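Residues -21 to -1, 1 to 348 in mature numbering (1 follows the signal peptide of the UniProt record, and there is no 0) are what the sequence shown spells out, letter by letter.
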Amino acid sequence: MKYITESALVALTAFFGLASAAPAADIESRSVSCTVTSYTNVAAAKKACTTLVIDSVVVPAGDTLDLTDLLDGTKLTFKGTITFGYKEWSGPLVSVSGSKITVVGASGSMFDGDGSRWWDGEGSNGGKTKPKFFYAHNLDDSTITGVTLKNTPVQGFSINSSSNLSLKTITINNKDGDTDELGHNTDAFDVGSSDTITIDGATVYNQDDCLAVNSGTNIVFKNGYCSGGHGISIGSVGGRSDNTVDTVTISDSTIVDSQNGVRIKTVYGATGTVKGVTYSGITLKAITKYGIVIEQDYENGSPTGTPTTGVPITDLTISNVKGTVSSSGTDIYILCGSGACSDWSWSGVSITGGKTSSSCKNVPSPASC
Ligand SMILES: *[C@@H]1O[C@H](CO)[C@@H](O)[C@H](O)[C@H]1NC(C)=O
Ligand SMILES: *[C@@H]1O[C@H](CO)[C@@H](O)[C@H](O)[C@H]1NC(C)=O
């Protein structure tokens, strides 16, 4: 292992020329180790270093901490507090891609989005344009461990077009967004068009979905703690380029002080598939809207009340989902199109404290509202 200092890295950069693609394979075989503290050196470092520490970097306004196309097998460590300048733009603030990448947030490290600079209560529906936070797009055969995001302007992790990616002990702390309800659409994990994704041991305080799976296969979310948001969601499914959700297992997780617990929503008039979803071992506490909500009537982000049948929900397992809904909420709400929900398994469901819905439709046995 060769360790190069940041000043040596600058010299190396001058030698290769920043723009010229340095012979990656050649550099990789040298197993170069670098620590970067200055944003301007990141671009060179990612082409030269297979052990890369990003320490307390200040990312300029309107720039992405661009760690895409890392060398195969790169070990990437974030240290200290990483901060971002303020600009109204759509981001992302951080982007990581590559193959066989090991990403670690060192103990005490964090990405501080200082989201209050953007928060206006409108999220992605209006007001200021807010940057998305962390893209894990095209990140394959890789792991992300121990990363902390604080105060995301809007959505946190976006996982898209990735396969065999594991996220372990991730923390997203957007508690400050509760003040005057200014934080909005601060989804913790959005997953699309990805295969074999595991999110294990996440701790989330936010104001929107803890997890939203829009499409993808073989997705696991386990040992999670979700507080303050909209629950653990599949969907909304339909109306995108990829409308297939197949084999998602959500287990051994707790959802507290949230609008919903378990949620599946599909889009009105759209086509697609929601197949093989399991929720098991879910504890709910102080849910304000729905303990379990499954509906096939979404349009432009809102329920229409009229379910359609183009995105069937089949082979669904709800097992051991227990806990409490506040008295103004509803324990369970299921709104399916005729014949569009089938092959459901439903056991150990005990949700109390809220109202019993009288508007459920086409509920497949053995489920009940
Ligand atoms: C999945 O990724 C891990 C690294 O996180 C790797 O060890 C494993 O071989 C990968 N699995 C497959 C099937 O490629
Ligand atoms: C995933 O990325 C594709 C390609 O960029 C895009 O079309 C799609 O909308 C994304 N999916 C989600 C759910 O964001």
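For glycine and all other residues, C-beta sits at the position ideal for the given N, C-alpha and C.
This one's a predicted model, so the numbers in the text were calculated from it and none came from an experiment.
Neighbour-count burial assignment, residue i, 16 or more Cβ in a 10 Å radius
i	result
Ser215	buried
Ser194	buried
Thr309	buried
Asp188	buried
Asp159	exposed
residue 379	Absent from the model: residue 379. The displayed extent of the chain is -21 to 348, so no value can be given.
Val126	buried
Tyr277	buried
Per-residue DSSP class, three states only, for residue i
i	result
Ser298	strand
Arg242	strand
Pro345	coil
Tyr18	helix
Ala319	coil
Asn143	strand
Asp119	strand
residue 352	For residue 352 there is no data in the structure shown, the boundaries of the chain being -21 and 348.
Lys254	strand
Ala85	coil
Gly195	strand
Asp157	helix
Contact under 8 Å by Cβ, residue i with residue j
i	j	result
Val38	Thr16	no
Gly217	Gly171	no
Gly210	Gln238	yes
Thr29	Lys54	yes
Ser321	Pro343	yes
Val256	Leu314	no
Val75	Phe90	no
Ile261	Ile292	no
Asn197	Thr175	yes
Asp157	Gly207	yes
When the options are compared against residue i, the one with the closest alpha-carbon
i	options	result
Ser336	Thr293, Gly217 and Ile271	Ile271
Pro132	Thr165, Ile266, Val126 and Leu263	Thr165
Gly318	Asn341, Val328 and Asp294	Asn341
Thr233	Asn299, Lys268, Ser281 and Thr283	Asn299
Trp68	Gly94, Thr56 and Val83	Gly94
residue 357	Asp34, Gly41 and Thr47	No statement about residue 357 is possible, as the shown extent of the chain runs from -21 to 348 and does not include it.
Leu118	Ser137, Glu101 and Lys111	Ser137
Lys244	Lys301, Ile33, Tyr269 and Ser121	Tyr269
Trp98	Ser86, Ser173, Thr226 and Tyr65	Tyr65
Ile151	Cys205, Leu49 and Val82	Cys205
query = Three or more C-beta pairs closer than 8 Å, one from the region 250 to 270 and one from the region 327 to 334: is that the case here?
reply = Contact check between the region 250 to 270 and the region 327 to 334: three or more CB pairs, one atom from each, fall below 8 Å, which counts as touching.
key: Inter-stretch contact (C-beta, 8 Å, three-pair minimum) for the region 117 to 131 and the region 100 to 108   = no
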